[in-house]
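S.K.: Heads up: take any position in the sequence shown, counting from 1, add 1, and you land on the numbering used here.
Where a beta carbon is used, it is the ideal one built from N, C-alpha and C, also for glycine.
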Amino acid sequence: MRDSAGCGKFLGSGDFDSPDLLWKEPMNPSLSPPVLELHMPTQSDISADLMFTPDTVATQDRADSKTEATLPVPSESTAGEHRESWSLDLVDPTDDVIRRTEATLDFIAEATIAANSVQPLDHYDLTIIVPVYNELQTLPKVLDRIDEVMPRSTEVIIVDDGSTDGTSQWLAGLAPRANRRIIRRRCNHGKGSAVRLAIRHSLGGVVAIQDADLEYDPATLLRVVWPILDGNADVVYGSRYLDGGSDPSWLHRFGNWMLTKLSNLMTGLRLTDMETCHKAFDGEMLRGISLKECRFGFEPEITAKIAARDVRVLEVPTHYDSRGYDEGKKIGWKDAVSALACMWTYRKG
Numbered sequence: 002m003r004d005s006a007g008c009g010k011f012l013g014s015g016d017f018d019s020p021d022l023l024w025k026e027p028m029n030p031s032l033s034p035p036v037l038e039l040h041m042p043t044q045s046d047i048s049a050d051l052m053f054t055p056d057t058v059a060t061q062d063r064a065d066s067k068t069e070a071t072l073p074v075p076s077e078s079t080a081g082e083h084r085e086s087w088s089l090d091l092v093d094p095t096d097d098v099i100r101r102t103e104a105t106l107d108f109i110a111e112a113t114i115a116a117n118s119v120q121p122l123d124h125y126d127l128t129i130i131v132p133v134y135n136e137l138q139t140l141p142k143v144l145d146r147i148d149e150v151m152p153r154s155t156e157v158i159i160v161d162d163g164s165t166d167g168t169s170q171w172l173a174g175l176a177p178r179a180n181r182r183i184i185r186r187r188c189n190h191g192k193g194s195a196v197r198l199a200i201r202h203s204l205g206g207v208v209a210i211q212d213a214d215l216e217y218d219p220a221t222l223l224r225v226v227w228p229i230l231d232g233n234a235d236v237v238y239g240s241r242y243l244d245g246g247s248d249p250s251w252l253h254r255f256g257n258w259m260l261t262k263l264s265n266l267m268t269g270l271r272l273t274d275m276e277t278c279h280k281a282f283d284g285e286m287l288r289g290i291s292l293k294e295c296r297f298g299f300e301p302e303i304t305a306k307i308a309a310r311d312v313r314v315l316e317v318p319t320h321y322d323s324r325g326y327d328e329g330k331k332i333g334w335k336d337a338v339s340a341l342a343c344m345w346t347y348r349k350g
């Protein structure tokens, strides 16, 4: 436990039983979600965008029911001035490119919703984020499993991160549902980037992450989100290494043990599985955290940033069925090196 003011409080581990589901209200069948197809700007688009004045795009707070935005207008007289400040004043130009690009993506998403006259419900008890990249064989089973075990007041946001195996076409054929939103990207930008995009559009009081590869059983995700829904925690990690959890691969166990130990040294938490996919957060808190990592560095980054906050962190067991690289596993040793770098970068939150 971190005792200093403003630091995360690790509550330890536990196994919370999920009582009978309380969500019985039927969804409004007249509502249909938009399918958002987000096209990443080209390099020339980004270069042109850098000439826009910084205050040209303004949106009202999410809590406001009306969202107003104005398209940025290039300023020819000040274009050279902005190019100069770009090269001289910014320490890391990449961060600014990402920020501007994501602002554009948000604007496109909101504009698409308005153009289609489709509005989701104002609030959900739970949002489940499903980042997807080439998971056509397992994604249908994951979505079916979520429907089977999750309460009715659950929003599902699927981010197709540039899949090339037919996943996009399959998603395009899904029947519209009020509590399901699909965001499609033409290019792959990484799991962290997909999760960050979904977080910004989430409406749930609790936000949880579920991979699309079936290594993690969606049924055990309910065990992860329940302590937050019940008011006993602000952040819950589903550990593969607590009693009742599982990870049959000794190599994965060793690698995750090492990364988790190093993370604990830098954050003061006492986690057993920092790299777990099954994470759940208080939605309002999560939407207030600025995240930057685009790939698997998202895991150590979010862990460091919640540790720096005055929040209650808990671990519960979760089930894990590891698959091999020949079955589509994507994380590798380069991601482990990146995770180490991220731990150092975000060691102070």
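Using beta-carbon positions only, say whether Thr261 and Leu243 come within less than 8 Å of one another.
M.R.: No, the pair does not count as a contact, with Cβ atoms beyond the cut-off.
S.K.: Should Gln211 go down as buried or exposed, given a rule of 16 or more other Cβ atoms within 10 Å for buried?
M.R.: So Gln211 ends up on the buried side.
S.K.: Using 8 Å as the cut-off, can you tell me whether the stretch 135 to 148 makes contact with the stretch 164 to 171, which would need three or more C-beta pairs spanning the two stretches below that distance?
M.R.: Taking 8 Å as the limit for Cβ pairs, the verdict is that the stretch 164 to 171 does touch the stretch 135 to 148.
S.K.: Would you kindly work out how many angstroms separate the C-alpha atoms of Ala309 and Arg296, rounded to a whole number?
M.R.: The alpha-carbon atoms of Ala309 and Arg296 are separated by roughly 22 Å.
S.K.: Under DSSP, the beta strand (DSSP E) around Gly205 begins and ends at which residues?
M.R.: Here the beta strand (DSSP E) through Gly205 covers Gly205 to Ile210.
S.K.: Which of helix, strand or coil does DSSP assign to Gly223?
M.R.: Before going on, a small fix: residue 223 reads as Leu here, not Gly. DSSP places Leu223 in helix when its eight states are reduced to three.
S.K.: Around the Cβ of Asp161, are there at least 16 other Cβ atoms within 10 angstroms (buried) or fewer (exposed)?
M.R.: When all chains shown are included, Asp161 counts as buried.
S.K.: When burial is assigned at 16 or more other CB atoms within 10 Å of the CB, is Leu270 buried or exposed?
M.R.: By the 10 Å Cβ count, Leu270 comes out buried.
S.K.: Quick check: the Cα distance between Pro318 and Pro177, rounded to an integer number of angstroms?
M.R.: If you take the alpha carbons of Pro318 and Pro177, they lie about 34 Å apart.
S.K.: How many angstroms separate the CA atom of His253 from the CA atom of Ser14?
M.R.: Those two C-alpha atoms are separated by around 21 Å.
S.K.: Starting from the C-beta of Ser194, find all residues in its chain whose C-beta is less than 6 Å away, skip the five residues before and the five after it, and write them out in chain order.
M.R.: The residues are Cys295.
S.K.: Quick test of the definition: if touching needs 3 or more C-beta pairs under 8 Å, does the stretch 149 to 161 touch the stretch 210 to 225?
M.R.: Short answer: they touch.
S.K.: Would Ile200 pass as a contact of Arg182 if the rule is Cβ separation under 8 Å?
M.R.: The answer is no: Cβ separation not under 8 Å.
S.K.: What first and last residue would you give for the beta strand (DSSP E) that runs through Arg181?
M.R.: Per DSSP, Arg181 belongs to the beta strand (DSSP E) from Arg181 to Arg186.
S.K.: Since Glu156 sits in a beta bridge, which residues does DSSP pair it with?
M.R.: Its beta-bridge partners are Thr128.
S.K.: Given Val236, which residues of its chain have a CB within under 6 Å of its CB, disregarding the five upstream and five downstream residues?
M.R.: Closer than 6 Å at the Cβ level, and outside the excluded window around Val236, lie Phe282, Ile307, Val312 and Val314.
S.K.: Check for me: the beta strand (DSSP E) holding Lys280 runs from which residue to which?
M.R.: Taken as a continuous stretch (DSSP letters only), the beta strand (DSSP E) holding Lys280 covers Lys280 to Asp283.
S.K.: Please report the straight-line C-alpha distance between His202 and Met275, rounded to a whole angstrom.
M.R.: The straight-line gap from Cα to Cα measures roughly 25 Å.
S.K.: Over what stretch of residues does the beta strand (DSSP E) that includes Ser240 continue unbroken?
M.R.: Here the beta strand (DSSP E) through Ser240 covers Val236 to Ser240.
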